[in-house]
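J.: 343 is the number that my numbering gives to position 355 of the sequence shown; each next residue is one higher, with no gaps.
From the three backbone atoms N, C-alpha and C, an ideal C-beta is built for every residue, glycine too.
Model, not experiment: these values are computed from the prediction.
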Amino acid sequence: MSLIESNDIVNESKDKNENEEKKDILNFPSQNHETMIKEGYLKRRTFQCRDKEYCVIRYAKKRLEPKNIGSVGLFRSVISRDGNIKAFAPPKGIDSKDFFMRFPFNECLVEEYVEGTMINMFFDEDWEISTRSSVGGNFGFFQTNTGENIMTFRSMFLEACNNANFDFDILNKDLCYSFVLQHPRNRIVTPFTETNIYLIACYKIDNETKRVSVVPLENTIHSFEHTLIRYPQPICCNVNNYDELETMYASSKVDYVNVGAMIYHKSSGARTKIRNPNYEVVRKLRGNTPKDQFRYLILRNERNVMKYLKYYPEDKSSFEVYCKQVNDFTKRVFEHYVECYIQKQKPLLEYPYQFRTHMYMLHQIYLTQLRDNRKHVTKQVTIDYVNSLPPSKLFFSLNYKSDE
-11 MSLIESNDIV NESKDKNENE EKKDILNFPS QNHETMIKEG YLKRRTFQCR
39 DKEYCVIRYA KKRLEPKNIG SVGLFRSVIS RDGNIKAFAP PKGIDSKDFF
89 MRFPFNECLV EEYVEGTMIN MFFDEDWEIS TRSSVGGNFG FFQTNTGENI
139 MTFRSMFLEA CNNANFDFDI LNKDLCYSFV LQHPRNRIVT PFTETNIYLI
189 ACYKIDNETK RVSVVPLENT IHSFEHTLIR YPQPICCNVN NYDELETMYA
239 SSKVDYVNVG AMIYHKSSGA RTKIRNPNYE VVRKLRGNTP KDQFRYLILR
289 NERNVMKYLK YYPEDKSSFE VYCKQVNDFT KRVFEHYVEC YIQKQKPLLE
339 YPYQFRTHMY MLHQIYLTQL RDNRKHVTKQ VTIDYVNSLP PSKLFFSLNY
389 KSDE
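1. Determine the extent of the alpha helix (DSSP H) in which THR370 is found, giving its start and end residues.
2. At which residue ranges does the segment 244 to 271 contain complete beta strand (DSSP E) runs of 3 or more residues, listed in the order of the chain?
3. By a C-beta neighbour count over all protein chains shown, 10 Å radius and 16 as the cutoff for buried, is GLU196 buried or exposed?
4. Please check the pair GLN170 and THR181, which I expect to be a contact at CB under 8 Å, by giving their CB distance rounded to whole angstroms.
5. Going by C-alpha to C-alpha distance, which of ALA189, THR318 and LEU287 sits closest to ALA77?
6. Put GLN313 into one of helix, strand or coil per three-state DSSP.
7. Do you know whose CA, among TYR296, ALA249 and ASP39, lies nearest LYS272's CA?
8. In or out: ASN228 buried (at least 16 other Cβ within 10 Å) or exposed?
9. If you follow the alpha helix (DSSP H) that LEU163 is in, where does it begin and where does it stop?
10. Using DSSP bridges, identify the partner residues of PHE76.
11. For THR105, write down the residues that DSSP places opposite it in a beta bridge.
12. Buried or exposed for SER118, going by 16 or more other Cβ atoms inside 10 Å?
13. First and last residue of the alpha helix (DSSP H) that includes VAL293?
14. From the DSSP output, read off the bridge partner residues of ILE185.
15. Going by DSSP, what residue range makes up the alpha helix (DSSP H) through PHE35?
16. Report the three-state DSSP secondary structure of PHE141 (helix, strand or coil).
17. Going by C-alpha distance, which of TYR373, LYS261, ILE251 and TYR341 is nearest MET349?
18. Could you tell me whether the Cβ atoms of VAL203 and TYR186 are closer together than 8 Å?
19. Mark SER376 as exposed unless 16 or more other C-beta atoms lie within 10 angstroms of its C-beta, in which case mark it buried.
20. Taking the alpha carbon of ARG199 as the reference point, which residue from LEU62, THR370, GLU100 and MET24 has its own alpha carbon closest?
21. DSSP on PRO220, reduced to helix/strand/coil?
22. Can you grab the Cα-Cα spacing for the pair ASP194 / ILE67, in whole Å?
23. Could you please give me the residues that DSSP links to ARG419 through a beta bridge?
24. SER380 by DSSP, collapsed to three states: which one?
25. Between which two residues does the beta strand (DSSP E) containing ARG199 stretch?
26. Look up LYS55 in the DSSP assignment and say whether it is helix, strand or coil.
27. On the DSSP bridge assignment, give the partners of LEU386 in chain order.
28. Taking the Cβ atom as the reference point for each residue, do VAL123 and PHE212 lie within a distance shorter than 8 Å?
29. In whole angstroms, what separates the C-alpha of LYS279 from that of LEU233?
30. Quick check on DSSP: helix, strand or coil for GLU213?
31. The alpha helix (DSSP H) spanning GLU232 covers which residue range?
32. Which residue wins for smallest C-alpha separation from PRO79, given the options CYS96, VAL98, ASN72 and LYS49?
33. Between ARG69 and VAL60, how many whole angstroms is the CB-CB distance? I'm expecting something under 8 Å.
34. According to DSSP, which residues form a beta bridge with VAL227?
35. Looking only at C-alpha atoms, which of PHE88, SER143, SER84 and PHE93 sits nearest to GLY125?
36. Consult DSSP for LEU159 and reduce its assignment to one of helix, strand or coil.
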């Protein structure tokens, strides 16, 4: 049997009876999910967390296309254990162009687009959390090479829960919850000075029928009324169509700290988003690499360091450290080159491994470009060479540690 059979995402009724179901709004694939994994549409990873083994099933981004959004796209993050679904995250939204063609603007609800990291909560003998790609949250995404302690998603989430007066005892153990975490130590684009938690979705899972039901957020408000947990707010704007909405929330005139807007079709539950292009520029400038030293090298290679620091001034001190590392490395490459190829102090193979290739390549520059013009390898030639290196090669050399 498939982990989740067809026609098993339903929208719960919005009255007080949480068990009364509405029509299906999404359909899961009728084929076995194991087949979809074998065919490369889904990816599965296992995680050990508190003596339990969980599977995280996610769609393969490269295999996702408009025609399978309603099936493959449902596996944005599904957590299972022993064949039972433990957590379900909001599925992939529809492309905005397709959404605009299918659904009239006056049938839709527009909400703020909440930036942050998705944290899912589910009960399995105790409350557990997961990100989209792991269980437990015992890691952080952004890493430094300056000795700074990295907060894990788990520690950031628990800190935010404490700040929000959020006690897990108020939660319904039969439901799983999807939150968005905002934390000053986990900045993506928008700068935050305090922690925030938004509840963005809630689901009821029936493992006997393999059915996942959507619980309307208004049915959860009473549980969180004594906390500081937030909900995405409807956007009240005087616009009459999608073009006007994009002009207001996703045009070049919008401040970069505004992500954009989320759009929901009221009756079907279908979802799409529009993103502010100025936000996207800054997000792409930051990139998706967890190591900030490597991010610095990429920005340095693209001559975007100063542009980046305009938006992320908090990284200036660590970038100064990385700049010094590159300068020191460049100086040593030149010194070793002089010792080896000019002063003939010792052969190339006796120098540290991380410098040899660069010393050799400098000599090739001398042989092919400089010698015939009666020029030599200078410090400036070395600087130009190091500046031309791909960030990945320079990153390797800067961080190489011999086993000896």
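T.: Straight from the coordinates:
1. Position 382 of the sequence shown, counted from the start, is the residue given in the question as residue 370. Counting along the chain, THR370 sits inside the alpha helix (DSSP H) bounded by residues 367 to 376.
2. Runs found: 248 to 253 and 259 to 263.
3. Taking the sequence shown and counting its residues from 1, the one referred to as residue 196 is at position 208. Exposed: under 16 other Cβ atoms inside 10 Å.
4. Residue 170 sits at position 182 when you count from the first residue of the sequence shown. Residue 181 sits at position 193 when you count from the first residue of the sequence shown. Their Cβ separation, rounded to whole angstroms, is 10 Å, which puts GLN170 and THR181 out of contact at 8 Å.
5. Position 89 of the sequence shown holds residue 77. In terms of Cα proximity to ALA77, the closest of ALA189, THR318 and LEU287 is ALA189.
6. Numbered from 1 along the sequence shown, position 325 holds the residue referred to as residue 313. Of the three classes helix, strand and coil, the one that applies to GLN313 here is helix, per DSSP.
7. Counting from one through the sequence shown, the residue named residue 272 turns up at place 284. Answer by Cα proximity: TYR296.
8. Taking the sequence shown and counting its residues from 1, one reaches residue 228 at position 240. Answer is exposed; the Cβ neighbour count stays below 16.
9. Mapped onto the sequence shown, residue 163 falls at position 175. Not the alpha helix (DSSP H): LEU163 falls in the beta strand (DSSP E), residues 163 to 170.
10. Here residue 76 corresponds to residue number 88 of the sequence shown, with the count starting at 1. Per DSSP, VAL66.
11. Residue 105 sits at position 117 when you count from the first residue of the sequence shown. Paired residue(s): LEU169.
12. On the sequence shown, position 130 is the one that residue 118 refers to. Its Cβ being crowded by 16 or more others within 10 Å, SER118 is buried.
13. As a working mapping, residue 293 is identified with position 305 in the sequence shown. Where VAL293 is concerned, the enclosing alpha helix (DSSP H) stretches over 293 to 299.
14. The residue given as residue 185 occupies position 197 in the sequence shown. Beta-bridge pairing links ILE185 to LEU169.
15. The count along the sequence shown starts at 1 and reaches residue 35 at position 47. Unbroken run through PHE35 is the beta strand (DSSP E), 30 to 37; no alpha helix (DSSP H).
16. Position 153 of the sequence shown holds residue 141. For PHE141, the secondary structure class from DSSP, reduced to helix, strand or coil, is helix.
17. Locating residue 349 in the sequence shown gives position 361, counting from the first residue. Comparing C-alpha distances from MET349 to each of TYR373, LYS261, ILE251 and TYR341 shows the shortest one belongs to TYR373.
18. Counting from 1 along the sequence shown, the entry for residue 203 is found at position 215. Counting from 1 along the sequence shown, the entry for residue 186 is found at position 198. No, Cβ-Cβ distance for VAL203 and TYR186 is not below 8 Å.
19. As a first step, residue 376 must be located in the sequence shown, where it is residue number 388. So SER376 counts as exposed.
20. In the sequence shown, residue 199 corresponds to position 211, counting from 1. It is LEU62 whose Cα lies nearest to the Cα of ARG199.
21. Within the sequence shown, residue 220 is the residue found at index 232, counting from 1. In the three-state scheme derived from DSSP, where H, G and I count as helix and E and B as strand, PRO220 is classed as coil.
22. Within the sequence shown, numbered from 1, the residue matching residue 194 stands at position 206. Within the sequence shown, numbered from 1, the residue matching residue 67 stands at position 79. Distance between ASP194 and ILE67, taken at the CA atoms: about 14 Å.
23. Nothing about residue 419 can be reported from this structure: the residues present for the chain run from -11 to 392 only.
24. Numbered from 1 along the sequence shown, position 392 holds the residue referred to as residue 380. Note: SER380 maps to helix in three-state DSSP.
25. Here residue 199 corresponds to residue number 211 of the sequence shown, with the count starting at 1. Counting along the chain, the beta strand (DSSP E) containing ARG199 begins and ends at 199 to 202.
26. Here the question's residue 55 lines up with position 67 in the sequence shown. Of the three classes helix, strand and coil, the one that applies to LYS55 here is helix, per DSSP.
27. Translated into the one-based positions of the sequence shown, residue 386 becomes position 398. In the DSSP output, where bridge partners are listed per residue, LEU386 has none listed.
28. On the sequence shown, residue 123 is found 135 positions in, with the first residue counted as 1. On the sequence shown, residue 212 is found 224 positions in, with the first residue counted as 1. Not a contact, by the Cβ cut-off of 8 Å.
29. Along the sequence shown, one-based indexing puts residue 279 at 291. Along the sequence shown, one-based indexing puts residue 233 at 245. Roughly 36 Å between the two C-alpha positions.
30. In the sequence shown, residue 213 corresponds to position 225, counting from 1. In the three-state DSSP reduction, GLU213 falls in the coil class, being neither helix nor strand.
31. In the sequence shown, residue 232 corresponds to position 244, counting from 1. First-last of the alpha helix (DSSP H) with GLU232: 230 to 237.
32. Taking the first residue of the sequence shown as 1, we reach residue 79 at position 91. The shortest C-alpha separation from PRO79 is found at LYS49.
33. Start at 1 with the first residue of the sequence shown, and residue 69 comes out as number 81. Start at 1 with the first residue of the sequence shown, and residue 60 comes out as number 72. About 22 Å separates the beta carbons of ARG69 and VAL60, which is beyond the 8 Å limit, so they are not a contact pair.
34. Position 239 of the sequence shown, counted from the start, is the residue given in the question as residue 227. Partner(s): none; VAL227 has no beta bridge.
35. Taking the sequence shown and counting its residues from 1, one reaches residue 125 at position 137. Of all alpha-carbon atoms in PHE88, SER143, SER84 and PHE93, the one lying nearest the alpha-carbon of GLY125 is that of SER143.
36. Within the sequence shown, the letter at position 171 stands for residue 159. Annotated three-state conformation of LEU159 is coil, per DSSP.
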